[in-house]
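First up is the structure itself, then whatever we jot down about it.
4 protein chains.
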Amino acid sequence: MSEPAVFRKRLPVRFADVDAARVLYFPRQLHLLHTVMEDFFREAVGIPYAEMIDSDRIGFPTVRLAVDFRSPIRFGDEVDVTLRVREMGKSRVVFAYDVSLAGRADIAASALQTTVAIDPRAWKSVPIPDRYRARLGAFLAPAANEEAPRDGG
Amino acid sequence: MSEPAVFRKRLPVRFADVDAARVLYFPRQLHLLHTVMEDFFREAVGIPYAEMIDSDRIGFPTVRLAVDFRSPIRFGDEVDVTLRVREMGKSRVVFAYDVSLAGRADIAASALQTTVAIDPRAWKSVPIPDRYRARLGAFLAPAANEEAPRDGG
Amino acid sequence: MSEPAVFRKRLPVRFADVDAARVLYFPRQLHLLHTVMEDFFREAVGIPYAEMIDSDRIGFPTVRLAVDFRSPIRFGDEVDVTLRVREMGKSRVVFAYDVSLAGRADIAASALQTTVAIDPRAWKSVPIPDRYRARLGAFLAPAANEEAPRDGG
Amino acid sequence: MSEPAVFRKRLPVRFADVDAARVLYFPRQLHLLHTVMEDFFREAVGIPYAEMIDSDRIGFPTVRLAVDFRSPIRFGDEVDVTLRVREMGKSRVVFAYDVSLAGRADIAASALQTTVAIDPRAWKSVPIPDRYRARLGAFLAPAANEEAPRDGG
Chain C
1 MSEPAVFRKR LPVRFADVDA ARVLYFPRQL HLLHTVMEDF FREAVGIPYA EMIDSDRIGF
61 PTVRLAVDFR SPIRFGDEVD VTLRVREMGK SRVVFAYDVS LAGRADIAAS ALQTTVAIDP
121 RAWKSVPIPD RYRARLGAFL APAANEEAPR DGG
Chain E
154 MSEPAVFRKR LPVRFADVDA ARVLYFPRQL HLLHTVMEDF FREAVGIPYA EMIDSDRIGF
214 PTVRLAVDFR SPIRFGDEVD VTLRVREMGK SRVVFAYDVS LAGRADIAAS ALQTTVAIDP
274 RAWKSVPIPD RYRARLGAFL APAANEEAPR DGG
Chain D
307 MSEPAVFRKR LPVRFADVDA ARVLYFPRQL HLLHTVMEDF FREAVGIPYA EMIDSDRIGF
367 PTVRLAVDFR SPIRFGDEVD VTLRVREMGK SRVVFAYDVS LAGRADIAAS ALQTTVAIDP
427 RAWKSVPIPD RYRARLGAFL APAANEEAPR DGG
Chain P
460 MSEPAVFRKR LPVRFADVDA ARVLYFPRQL HLLHTVMEDF FREAVGIPYA EMIDSDRIGF
520 PTVRLAVDFR SPIRFGDEVD VTLRVREMGK SRVVFAYDVS LAGRADIAAS ALQTTVAIDP
580 RAWKSVPIPD RYRARLGAFL APAANEEAPR DGG
């Protein structure tokens, strides 16, 4: 059985990503994770986010989020973000993110994001389409392989 | 014993708070919660956030976050946000937020935000100063009194 | 002839509105001006922005912007923003904003924002509807009454 | 005499860069231009923005901005941004940006951003340091070479 794939991005912490304490503002850290998720769909799943929403009529809204912020990330830092698929159900996909300073092994932040496939017009859950499922499955990594916050639910 | 106080704010969902699915983008929902926290310090604790950071040299960075997003919030909605203090330790303060559509009883989202009092220059935890502790304590509400996501940790 | 009305808002500069130089980040200053415009439509014109877009099918996209940033605005400042209507044509509305520190007379920033009434589905200009025109006209103030950047066009 | 250099970036319009009309929200378009300016300093001038602010003690706050938004940019679009130096004085640098849809020749938006070199601690103008001037000069392009909004000042 092949090793699960990991999606990786390196991102800068920009001039206005920090707050008045000059540390990455946590809502913008979550925005950065969402940009990685968008890149994952385009580059790894092969479906640009706009095509997913507007042509396939599939959205993945976040229904639960659990984040550990372990150490501050500062203006001028670069971060490495990894994305794995922790769980995949009929409609439910849990993404696991780890964030570290560029080139460093220790985790600065980790997040579990539970999403549900929906039809965005009706805002009703739908089964994950097969062409999504196959690609998402390649990134499916059980919890034991990573450090992440325990999900409360 | 007196009833714990609850801090309340009503906020609009603005033209650019939504994403391309026209639903409140979750990182901006967390930003809205942070603005409520800033208002809470100024109005309820009596210490403007800038004075807290720059004069008192106290910051409350978020070290853990657990959020349930139960139903979509849309462009043009107004939301009612409540803030309570769920727990208070030597340095640690856990804030609990509930978000509902204006005038509605059912919860659209709830969040637990664990923060730690620090000196922002040294980024080291410090005891919560007494004048903060007294005011924060007035908003201390045990978990049983509210609906909120279970915290994983 | 009655004096033109002026729409006024006082706004805080929040923890994450500043950049790493701890000064209000100019794209967020423009976002603050847009929130004032949204409040103007709801409170002064009497039409919530969401109703304008989704029921009346009218949008006012910005086609030209000219801003003078005269002095820095910092974390913890509060600002007073005024909105006036500088010009109104068949479809075109020019809004003029002045920003000052709360309670101060000198202008920290001023902006001219040229917008055009459109049907957002077709993205074609439309005449300003009468019920908008009447209310907008009450805020119509000729250029001589204010300090503002000269518009290049 | 050699041709002036042009700095170019291709950027996606993301899920939450648009507003409720599903068009790139103009304050976020200006944020995108600022990220291009940050990349320009790091990649073309050779000085990361954080080093510029924190080691060299040089900032380039924006003192004037003039933007023409000619056509809407939508969710899912990619844009090509060019940056040129339009003027360079003792302390003053005017950047000119053109934005087009990826691979298209027609300009969707163009901006002139007037900045002044300052010491960010004192917020006083300073002469542009020589090692900046030399690199900025390579991108100096007179107005006749480009389409851009006329600057009011």
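Protein chains in written order, with my numbering: chain C, 1 to 153; chain E, 154 to 306; chain D, 307 to 459; chain P, 460 to 612. A virtual CB, placed ideally from N, CA and C, is assigned to each residue, including glycine. The structure displayed is predicted, hence computed values, not measured ones.
C-alpha gap between residue i and residue j, whole angstroms
i: ARG370(D); j: LEU492(P); result: 16 Å
i: ALA479(P); j: ASP172(E); result: 7 Å
i: ALA138(C); j: GLU51(C); result: 21 Å
i: ILE200(E); j: GLN113(C); result: 34 Å
i: TRP582(P); j: ALA5(C); result: 49 Å
i: ASP537(P); j: GLY518(P); result: The identity of residue 537(P) in the sequence shown is Glu, whereas the question assumes Asp. Taking the straight line joining both Cα atoms gives about 29 Å.
i: ALA109(C); j: PRO72(C); result: 9 Å
i: ILE107(C); j: ASP345(D); result: 42 Å
i: ARG609(P); j: VAL526(P); result: At ARG609(P), the pLDDT of 46 sits below 50, so the modelled position is not reliable; the number obtained from the coordinates is stated separately. Answer to the nearest angstrom: the Cα atoms are 9 Å apart.
i: VAL176(E); j: SER461(P); result: 50 Å
i: ASP589(P); j: PHE15(C); result: 23 Å
i: ALA402(D); j: VAL351(D); result: 16 Å
i: PRO142(C); j: VAL189(E); result: 37 Å
i: ILE128(C); j: SER550(P); result: 56 Å
i: ARG410(D); j: ARG563(P); result: 47 Å
i: GLU147(C); j: TYR438(D); result: Residue confidence is low: GLU147(C) scores 47 on pLDDT, short of 50, so the model does not pin down where it sits. No coordinate-derived value is stated.
i: ALA570(P); j: ALA417(D); result: 15 Å
Residue i, enclosing alpha helix (DSSP H) - first and last residue
i: ASP19(C); result: Neither: ASP19(C) is in no alpha helix (DSSP H) and is coded neither H nor E.
i: ARG441(D); result: 436-443
i: ARG74(C); result: Counting along the chain, ARG74(C) falls outside any alpha helix (DSSP H), and DSSP gives it neither H nor E.
i: ASP498(P); result: 485-498
Host beta strand (DSSP E) of residue i (start-end)
i: GLU546(P); result: 537-547
i: ARG551(P); result: 551-560
i: VAL472(P); result: Element bounds for VAL472(P): n/a, residue is neither H nor E.
i: ASP513(P); result: Element bounds for ASP513(P): not the beta strand (DSSP E) but the alpha helix (DSSP H), 508-513.
i: LEU140(C); result: Looking at the DSSP string, LEU140(C) is not in any beta strand (DSSP E), and its letter there is neither H nor E.
i: VAL432(D); result: It is not in any beta strand (DSSP E) - VAL432(D) carries neither H nor E in the DSSP assignment.
i: VAL269(E); result: 262-269
8 Å Cβ cutoff met for residue i and residue j
i: ASP557(P); j: THR541(P); result: yes
i: PHE179(E); j: THR115(C); result: no
i: VAL126(C); j: ALA134(C); result: no
i: VAL552(P); j: LEU595(P); result: yes
i: VAL419(P); j: PHE534(P); result: Past the boundaries of the shown model lies residue 419(P); chain P is included only from 460 to 612, so the question cannot be answered.
Close beta carbons around residue i, own chain, < 7 Å, minus the five adjacent residues each side
i: ASP80(C); result: ARG8, ARG10, SER100 and ALA102
i: GLN120(C); result: The question names Gln, but residue 120(C) in the sequence shown is Pro. Contacts found: ILE53, ARG57 and GLY59.
i: LEU293(E); result: PRO157, VAL238 and MET241
i: ASP476(P); result: LEU483, TYR484 and ARG487
i: GLY152(C); result: Because GLY152(C) sits at a pLDDT of 37, beneath the cut-off of 50, its placement in the model cannot be relied upon, and the point is left open.
Chain-order list of residues whose beta-carbon lies under 8 Å from that of residue i (same chain, five-residue window excluded)
i: PHE41(C); result: ILE47, PRO48, TYR49 and MET52
i: GLU43(C); result: PHE7
Query raised in the report: Going along the stretch 578-601 of chain P in order, which residues come within less than 9 Å of chain C, judged by CB to CB distance?
Result: none
**Report entry** Interfacial residues, the stretch 40-63 of chain C to chain P, with Cβ spacing under 9 Å
**Finding:** ARG42, PRO48, TYR49, ALA50, GLU51, ILE53 and ASP54
Query raised in the report: If you measure beta-carbon to beta-carbon, which residues of the stretch 3-18 of chain C are closer than 8 Å to chain P?
Result: PRO12, ARG14, PHE15 and ALA16
Query raised in the report: Using a beta-carbon distance cut-off of less than 7 Å, what residues from the stretch 375-397 of chain D approach chain C?
Result: PHE381
Query raised in the report: When you check each C-beta in the stretch 180-192 of chain E against every C-beta of chain C, which residues fall closer than 8 Å?
Result: PRO180, ARG181, LEU183, HIS184 and HIS187
Requested in this report: Could you name the residues of the stretch 249-262 of chain E whose beta carbon sits closer than 7 Å to any beta carbon of chain C, in the order they occur along the chain?
Outcome: none
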